[in-house]
Amino acid sequence: MTSSIPFEHITVLREELLDSLGLTPGDYAVDCTAGGGGHTQGLLERVGPTGKVIAIDRDPWAQSVLKARFAKELESGQLELLAVPFSQISAELSQRNLVGKIQGLCADIGVSSPQLDAAERGFSFAKDGPLDMRMDQTQGITAGDIVNGWSVQDMSRLFRDYGEDPQARRIAQAIERERARKPFERTLDLADLIAASVHYKERSRKHPATRVFQALRIEVNGELRELEALLESVGPTLKENGRCAIISFHSLEDRLIKLAFRALAEGHTKHIDKRLPITAVEIDKLKRFTIIKPFPSIPGEIELEKNPRSRSAKLRVIEKRGE
Ligand SMILES: C[S@@+](CC[C@H](N)C(=O)[O-])C[C@H]1O[C@@H](n2cnc3c(N)ncnc32)[C@H](O)[C@@H]1O
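In this note's numbering, the protein residues as written are 835 to 1157.
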């Protein structure tokens, strides 16, 4: 898997996330969003040669970067790479007999900088590329399928619910009119049409297509359903005193994480993956969780200056209590 640009990603809240997991040599850890391997590297250092890290990413480009970066650790068995979505994490850990044995499970949700910057992936409204937006380009619908095929009603709902765009309907109607003339193929055609069709303040820092592109990306990749699946796997997979740390970048995701962590801390089992073979006694143990920080951690001034893309990052951490 190659691209027109090098794979360069600055890891967000690196030390905060790693410190929050309480890892010691010999532990098992899972990085659910390995990307360029920034957090994975830190996990490997902390669990040491007697521990084991499982690194997950559904993007074949990230997989090829990770294989090259961690050839030694893959060879020694200290690291295992899995090209699966979050919704398969519980099953993968169950197959390896690792349910209830993980000390640190982490995720840094969303897309990486290189995914965003590679025009041919179609994630960016500022770069001309095909309307794709799939993290795993081997399957699923594209952003083009949505804007060329969905009804005005369905697009309006999508732009409103996942983009929180107050002009959702106006944009959906403009898309319908334009595609009758010529189907959308390129990101810039869509971004220009949106810019021409909405009222926006001249000095607004946000491009008028920001919200629609966010909504399309969330839908194409099933991002919220995937996050729900990840949150369901937290309870069963952690060992006692194990911790889960998740970084998110927009309010829809942060809200899901906050609510799922709160539900775990309050003893609800609705956020637990029902497909796992766990007994009633184990279910009872799953009810004991502590939220480590009532308020999420955010990047400090130094990190923001070095990496402006970290500006909306929020880190939340939960711990499974012991006996
Ligand atoms: C923000 S990047 C992670 C960057 C990484 N922490 C680092 O330091 O390099 C998020 C990564 O998670 C992957 N990803 C996002 N959602 C996923 C899902 N549902 N299943 C598997 N991988 C996913 C993306 O392909 C992307 O490479």
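We put the beta carbon where it would ideally sit given N, CA and C, even for glycine. Just so it is clear, the structure is predicted and the values come from calculations on it, not from any experiment.
Beta-bridge partners of residue 1124 (DSSP): 1153. Judged by DSSP in its simplified three-state form, residue 999 adopts coil rather than helix or strand.
Nearest to residue 979 by alpha-carbon distance, out of 972, 928, 967 and 990, is 967. At a cut-off of 7 angstroms, the beta-carbon of residue 1051 does not count as near ligand 1: no heavy atom of the ligand is closer than that. Residue 1021 and residue 1153 have their C-alpha atoms roughly 42 angstroms apart. As the crow flies, the alpha-carbon of residue 888 is around 45 angstroms from that of residue 1007. Within the same chain, and ignoring the five residues on either side of residue 1155 in sequence, the residues whose Cβ sits closer than 8 angstroms to its Cβ are 1074, 1075, 1122, 1123 and 1124. Collapsing the DSSP output to three states places residue 1043 in coil. When beta bridges are read from the DSSP output, residue 974 appears opposite no residue. With a cut-off of 8 angstroms on Cβ pairs, the region 1040-1050 is in contact with the region 989-1000, counting three or more such pairs. Of the candidates 943, 932, 879 and 931, 943 places its Cα closest to the Cα of residue 892. Selection 977, 1002 and 1056 evaluated against residue 987 yields 1002 as nearest (Cα-Cα). Annotation for residue 1074: the continuous beta strand (DSSP E) segment containing it runs 1072-1082. Pairing residue 956 with residue 984, the inter-Cα distance amounts to about 19 angstroms. When the alpha-carbon of residue 862 is set against those of 969, 1072, 976 and 905, the nearest one is in 1072. Shown here, residue 945 sits in coil according to DSSP, grouped into three states, outside any helix or strand. Residue 966 carries a coil assignment under DSSP once its states are collapsed to helix, strand and coil. Short of 6 angstroms from the beta carbon of residue 880, and not among the five residues preceding or following it, lie these beta carbons of its own chain, in chain order: 857. Counting of Cβ neighbours within 10 angstroms places residue 997 among the buried residues, the total reaching 16 or more. Membership of residue 877 in any beta strand (DSSP E) is not indicated; the residue belongs instead to the alpha helix (DSSP H) covering 872-881.
In this chain, the alpha helix (DSSP H) harbouring residue 1026 covers 1021-1031. With 16 or more other CB atoms across the displayed protein chains lying within 10 angstroms of its CB, residue 897 is buried.
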